[in-house]
Structure formats: C-alpha cells, structure tokens
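Structure, as structure tokens:
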DNA sequence: GCCGAATATGTAACGGGTTACACACGCAAG
DNA sequence: CTTGCGTGTGTAACCCGTTACATATTCGGC
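Residue numbers (the numbering used here), protein chains in the order written: chain A, 15 to 348; chain B, 15 to 348.
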C-alpha cells in the first residue's frame, strides 16, 4: 500500500499551487481550462482523495449526522434508522447511530462526544431530553416521533387522532367494552394515544378508569397489563393497545387466558411495523408512515444544516388504519 | 452561546504553554502537581473540550468504527448492531452504520467515504465484498456472520454443524421426510447450512434433491419456496428452514395450504431472533449468540486497531437448539 | 561540589485542506 | 493611453491539537 497522497503532491505533479488544486476540487474561484485538465490528470494519476478530516477542521463541520433512538432492537426503530441513513448518505453525510436507552446521561454523553467531533446535526427520538440541555450543546436538531419542545423542529404523527380512530373502529365493529393498554406516561406520544382513547371511551356509558392499564412500550409489560385487565374485567371484548409490539404481548396474554383473538377479543394497535404482518393473527393497526417520517426528519435537518435556517418546523403526518386479523370483521355476529 | 474555547485559550488563562495543557489533557509527559491544578481549573472555568477533529487530523485516526450490514430492517441485524454499538461506544468510539443492500457498489462507496474520514476500522457483514477490494482500501476489518476470505479476521457460528443438529432433531422427533428451504447460494452461511442438511439427509433412503428449494433470506421468498415444496411433495413432514425470518414465511405457507404446524409439519430454523418467540407457533430454532458475536467482533477490531495487531483471527461460536412450538414433541404420536 | 538522570515547561513544526489577500495579465471603456 | 474590472494563480495564514526538540531546574550519587 502506497502512502496517501495529499493536495501538495497533486500541486507539485500538476505544477500549480495548492490553492489552484483546491479550486478545481471544489469548483469555485477562477481556473483556466488548461490548468483544470492538468490538475484533473494529476488527481487521477495519484488516485488522490481529499482528506475529510482536514476539511472538517477548517470548516468546523464534519458532514456527519447522528440519530438517537432508545434501542435499535425495538422493531419500530430499524425502519426509521434505515430511512434516515438512506437520506443522509444520499446527501453525502455519514450516519451515526446512538442507542440511548431513554437515559438522559447517555444522551448527554453522546451529545458531548458528537460535539467534539463537529457533528453537523442530530435527529432525536427521546422522552428524557429537554430543550435547555439541547441548547447548551447548540447542535442543530430535529425531534422525531416524540416532541421535545415547541422550539425544536419535529416530525411526528397525529397520535391522538389515530387513537380516536382506533377506538372508534372497535366500537364500529361491535365491541361493547373497550379497554386500553397504554404506553409509558413519560412518553408524549403514549399520552396522546391515551387521550385519543379517552376522547371516545369517556363518552360511553360503560366507561371505567379501570379499563386503562399501563404497560411499558414492550412485550412483557403489555402481556402483564393485559392479563390483569382481562382477569379483573372479563367483560372486555375490545382492546386498543398503544403499539404493535405490545399488541403481540396482549395476544399472548389472551391466549394464556384461553381467549380467542379476534372471536372473543378484538385487538387494535398502533405503529404498523412489519412484525404485525407476520404474527398470528396479523395485527389490525393504525399504521404510521415510518419510513417517510424518518426521511422527512433527515431532509429537514439537512436543510437546516446546509442553509443555516434557524426556523422551527413542526410537521405531523397522518396514520392509516390497516385492517388485518386481530379484530372481528364488521357485521359479523359475535 | 459563547464561542468554543481552544487549547490556546486554556493555556493563556492558566499561564502555561499549549504543550503543558496537552500533557495534562492526555496524562503523559511531566507536569508538576501545581501546574496540573492550574490547568484543570482553567479547563473547568472555560468548559473546555478538546476538538476531536484536530486530534484526528494529527493522528490520522478518527475514533470511529463502522458496521456494514445488508439492511438494518432485517430483524437479524438490529441485535448485532446493538452489540457493536455498545462495545464501540464503551471504548470511546463513534459508531457508524451503513446499509449495503448486499450491493458491491454501495460497499465500495462507503469504504471510499469512510477512508476519507480516517475511520479506524470496519465490521462487515457481506456476501459480495472480496479480499482484493478490501486490501485496496487498507482499513482494518473484521468479517461478521459471513466469511470474506481466510486472511480477514472473522466471527461466525458453526453453521454446518448447527444445520446438521437441526436436521437430526427433526429425525429424532419422528419426521419421515425432511425438506430444506435454503438461503441464497451466494451467501456462505446459507451454503454451509445446506451442507449440514445434506450431511444428514443424504444418508437417508428417502432423500431427494427435490426436497431442497431455494428461498431468499426473506419472508416472501421462503413462503413461495415452501408452497412449491409442500404442493409438489405432500409427504414432507419436516422442514429445516435456513433462518427464522424465512420460517415465519414457511409457517404462513403451511397455513395457506391448510397444514397445521407442528401437528402435520414440524419446522425448525436458524438464528434465534426475538421475532421467533412471538410468532404463533413460536419457532424451534438453532439460536446463534447474536449479541455475543457482534460484541466479540467489535472487541477484536478494537484490539486490532489499538494494538496495531495485524494477525488474522478466526472465531466460530456454537449455536444452541431452542425447542419451542413449531416442532412436534419427541415421543408424541403423529 | 560535580555529573547525569529525572522532572518541568516552552517553542515551533506538523497534519492536510481552505481561503484572504496580493499580484499579474488582458481587454474594454473613457 | 489610463483606469478598472474580469480572469488566473500563488503565498501564507488559519483551523486546533500533538509532539519533537530545546532549555532549565532539581536531586541523588559519588
């Protein structure tokens, strides 16, 4: 392996100054046609590639964008990550992935480390980060999936409205007692989904606060919560579960109690991850445009970084009902 | 937001030279106790953090490690990614994720880009990369899950042996005709799994090359392959599927043909991803220590990078049978 | 009391691009 | 013919740590 050549090597070979080479490289300033050719030839001959680190040092920007997610092993996040990676790479950025475990200390440590590396911006899915901390680091950021503060750009979905639709759907197919397995209280979208459930449920004469049981945003928590719910209240025949992963737990819970889904219990959830298509029964769910929101967040961030636009953008996408097999069909008798 | 302070600011405030500050920062060279305190105070007062880009420029290394995976949306990879991220972050590296789609051009483009950023090393899951190309880039690398070449360090599992065990297991529980839905031929571990199947199957009087059908490493391909297999050969009562994701497709295929799993058809697969626990029936599978191999690959790479060890290490982990509900229980009559 | 090693600190070059500024030439307008 | 702008190119400072090398002081050993 030969040593890496530098811009000075190119300059020497082409018999011009480094400034001229730099101009050719970046396509700015004046360079005569003839000189440009000479430089191009030298670059080719040496197989020269500019050193991005040197570039970053001068510019103070590194062409890197980071994504913070609680845990890439949660099946909601890979699609988001893929979207962000596609978009960032396409625009010439390098993609850094950080698993935060929803732990503020980890988030802060990542921010610190990334700032030292002159990272251009971050896309962050977080329930613990605050606007004050973010401001301290002064890195362009876009919140994704969960809102951090009104002064930080965000891309989310209409969680409350989607939850309303989900709950209403259960009513429409004939469910008489509809319960909710909610997500963790400290996560904004979980609160919104709970509100959406309440918007519909509270208007019903059968409503009872005991119909709400908190699971975490995971399989086990939801399974337990569902077991409690169904044991205490065998009259429940409809369940709105805060996300798909939890719904899988809910199905297992129903199974363990000998209840058949969807015959005795209809389950609808939220997110629309691939996993929901492969379970038995396949999940009826309010699907988010996961890839799109990830891609859009990346797009927003890149614009913010490149155009130095400071304005805060807030975008909300719509979720869409996907009817599969975890809910009774409308009109079927029970 | 105040301007970032530099080492020269610290030096001025502490009334010492930049060299001394650097020595304090890195804990090398001689610094008197008194001076060390003064510098520490100045650093604290200015909230100074060294600029990693400048450091990288001088050192020619960036404290970044990249992971190449075909597609993070394939549920096998998030756990691997998590393991690598945990290990790299713990050692002070920044983690870069690259989705290659098993496309050599993309891999080359990433290598090029990462080299320009002085990435310290890469961990690569690839079926298309070759040793020659890797050598051209001269970046320390560890192959993961799939072997690239004997002169590149690798961490894999004993695919062939595991496949043998899986096939033997189907025999042991009483399957009379065992077929294999194989992975793509260009992937080394898929070839190994096929060989393992053949090791057992070819010794059986019923063996027939038509009992092998190639699916891709995905849901749809496996579903189709299984449908073909079961339609042509209704006598099949055991299926070794090349991975868990494919097994989900195989179950769906069996379902679509009115076959009950495991009563009429036992299915065993490979990988041991979380998804396999949540499907109905839950998958019997040869589980890889996914997190461990990811973590080990990262560990090996970091050692290689930090100690500048050039030796090639080849490690193979063992897979472990996990009996769940997609296979008949031993001794049960059919 | 002298010498070499250990300790302590500073100066300046270096890593590899980028760009402000200076300079030179050609050509058109006045 | 001069002024002035557009074009073309080079020199050197700059981004910010790191470290080789030089210098100075202290201390133990003989």
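Beta carbons: idealized from backbone N, C-alpha and C, even for Gly.
Straight-line spacing of the CA atoms in residue 262 of chain A and residue 123 of chain A works out to 34 Å. Note on the segment 25-103 of chain A: whole alpha helix (DSSP H) runs with a minimum of 4 residues are 32-40, 47-60 and 66-73, in chain order. The Cβ of residue 140 of chain B sits no closer than 9 Å to any Cβ of chain A. Annotated three-state conformation of residue 118 of chain A is helix, per DSSP. Counting other Cβ atoms within 10 Å of its Cβ, residue 116 of chain A reaches 16 or more and is therefore classed as buried.
For residue 271 of chain B, the CB contacts under 6 Å within the same chain, skipping 5 residues up- and downstream, are 244 in chain order. Closest by C-alpha distance to residue 178 of chain B, out of B:31, B:256, B:144 and B:41, is B:256. A direct Cα-Cα distance of roughly 36 Å separates residue 119 of chain B from residue 297 of chain B. Taking C-beta atoms under 8 Å as the contact rule, residue 95 of chain B and residue 111 of chain A qualify, at a distance of about 7 Å. The beta-carbon of residue 113 of chain B is placed less than 9 Å from the nearest beta-carbon of chain A. Here the alpha carbons of residue 191 of chain A and residue 342 of chain A stand approximately 14 Å from one another. DSSP places residue 18 of chain A in the coil class of the three-state scheme, outside both helix and strand.
Exposure of residue 200 of chain A is indicated by the presence of fewer than 16 other C-beta atoms within 10 angstroms of its C-beta. For the segment 60-90 of chain A, the residues whose beta carbon sits under 9 Å from a beta carbon of chain B are, in order, 63, 64, 65, 66, 67, 68, 69, 70, 71, 74, 76, 77, 78, 80, 81, 85, 86, 87, 88 and 89. Taking 9 Å as the cut-off, the beta carbon of residue 175 of chain B is found no closer than this to the beta carbon of residue 328 of chain B. Residue range 173-186 is occupied by the alpha helix (DSSP H) that includes residue 185 of chain A. Secondary structure at residue 328 of chain A: strand, using DSSP grouped into helix, strand and coil. In the three-state reduction of the DSSP assignment, residue 131 of chain A falls in the coil class. For residue 101 of chain B, same chain residues with a beta-carbon under 7 Å away, outside a window of 5 residues either side, are 309, 312 and 313 in chain order. Residue 240 of chain A sits in a helix when the DSSP states are folded into three classes. The secondary-structure analysis by DSSP pairs residue 253 of chain B across a beta bridge with B:193 and B:281.
Between the alpha carbons of residue 47 of chain A and residue 22 of chain A lies a gap of roughly 20 Å.
For residue 312 of chain B, the uninterrupted alpha helix (DSSP H) run begins and ends at 304-320, by DSSP. Residue 131 of chain A and residue 93 of chain A have their alpha carbons spaced roughly 26 Å apart. Between the C-alpha atoms of residue 45 of chain B and residue 38 of chain B there is a straight-line separation of about 7 Å.
Residue 130 of chain A reaches chain B at 63, 64, 65, 66, 67 and 69, counting residues in chain order whose Cβ is nearer than 9 Å. Residues of the segment 255-270 of chain A with a C-beta atom less than 9 Å from some C-beta of chain B are 259, 262, 263, 265, 266 and 269, listed in chain order. Within 9 Å of the CB of residue 126 of chain A, the CB atoms of chain B belong to 63, in sequence order along the chain.
Per the Cβ contact rule, the segment 80-92 of chain A is in contact with the segment 135-143 of chain A (3 or more Cβ pairs under 8 Å). Close to chain B, meaning a Cβ-Cβ distance shorter than 9 Å, are the following residues of the segment 92-107 of chain A: 92, 93, 95, 96, 99, 100, 103 and 106. Per DSSP, residue 337 of chain B has no beta-bridge partner at all.
Shortest Cα-Cα distance from residue 77 of chain A to any of B:49, B:230, B:128 and B:60 involves B:128. For residue 118 of chain B, there are no C-beta contacts with chain A under 9 Å, since the nearest C-beta of that chain is about 16 Å from it. Rounded to the nearest whole angstrom, the C-alpha separation of residue 284 of chain B and residue 208 of chain B is 12 Å. From the listed residues A:153, A:126 and A:145, the smallest Cα separation to residue 323 of chain A is found for A:153. Nearest neighbour of residue 315 of chain A by Cα position, chosen from A:157, A:126, A:70 and A:75, turns out to be A:157.
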